[in-house]
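These notes are about the structure you will find just below.
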Amino acid sequence: MADSNLLLEVRDRIALVTVNRPEKRNPLNLETVDEIGACFTKLADDSSVGAVILTGAGDKAFVAGADINRLLEIAPLRGRDWAVRGQRVFERIERLGKPVIAAINGWALGGGLELAMACHLRIAAETARMGQPEIKLGITPGYGGTQRLPRLVGQGRALEMLLTGDPIDAAEAYRIGLVNHVVPADQLLDKAHEIAARILKNSAVAISLTLETVERGLNMPLPDALAWEAAQFGLSTDSQDSKEGARAFLEKREPRFEGR
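Here this note's numbering runs 95 ahead of the position in the sequence shown, where the first position is 1.
The structure is reproduced here in structure tokens:
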């Protein structure tokens, strides 16, 4: 991906996507958002990729929010269009059908934290700090922060972060359930790869159905979500992988899943 705001490499069925603007702490502008969208569209269709790790270049920031200079240019209707454009890209990540792990290597602010929250799992370096500081600029989050943050940490904790705009450190993010793991900075990508590799030992069919069942079910009333889960379970039992999983268990051996 030459001349790009992103770097992409694939190894052992795991794609590493790096936001590559370290001189400005990897801020999001519309060009970068569009590149992320195009990259994840490509990854969705790439059968050689089973999982994705998303991180930022350098050791200062994952993604340190938006380009503030661009905010001065936005009229209200254009601002709405900007938000919808980013939301669609982040939904593409959330609905990829493959696990996406955010490796938060530094500051994740505003759109950066919203990007991390669109991923399925989050791992933070001990030095990472996270926040939604939009209110300090006189604006509200626009890429899903007011919706995903309460779903992850609860309404009260989310509102404190949203209304004060104050960042939290990695330890606090772990305590409130915003991140899954906190590790030393030099172990961040190794931990992300280790978790991705553990996931990829399982059936690609079951992984995709599980992600879809959780993501859509959270937006349904419980009775509807349980009916949805039952339907997805039925689909999973019709796969060749489910038969292989049962046989392997009975034969006391590791399953050989083929993703069908």
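The C-beta atom is built at its ideal place from N, Cα and C for all residues, glycine as well.
Nothing here was measured: the structure is a model prediction, and the numbers come from that model.
- Taking the CA atoms as reference points, L216 sits about 6 Å from A197.
- Out of V128, R190, I199 and N115, the CA that lies nearest to the CA of G312 is found in R190.
- For the stretch 230-296, the continuous beta strand (DSSP E) assignments of 3+ residues that do not extend past its boundaries occur at 276-278, in sequence order.
- A contact is defined here as three or more CB-CB pairs under 8 Å, and the stretch 284-300 fails this definition with respect to the stretch 237-254.
- Counting C-beta pairs with one atom in each stretch, the stretch 215-231 and the stretch 261-270 have three or more that are closer than 8 Å, which means they touch.
- Counting the other CB atoms within 10 Å of its CB gives E126 a total below 16, which places it among the exposed residues.
- Cα atoms of T241 and L257: separation of roughly 8 Å, rounded to the nearest angstrom.
- 8 Å or more divides the Cβ of V147 from the Cβ of L210.
- A straight line joining the alpha-carbon of Y269 with that of V309 spans about 21 Å.
- Per DSSP, the unbroken alpha helix (DSSP H) holding E339 starts and ends at Q335 to L345.
- Just measuring C-alpha positions, the residue of R342, M315, K347 and T305 sitting nearest G329 is T305.
- Taking N314 as the centre and dropping the five residues before and after it, the same chain places no C-beta closer than 8 Å to its C-beta.
- Nearest to P122 by C-alpha distance, out of D176, N100 and C134, is N100.
- By the criterion of a C-beta distance shorter than 7 Å, A139 is surrounded in its chain by L191 and G192, once the five residues flanking it on both sides are discounted.
- About 24 Å separates the Cβ atoms of T136 and L284, ruling out a contact at the 8 Å cut-off.
- As far as DSSP is concerned, T308 takes part in no beta bridge.
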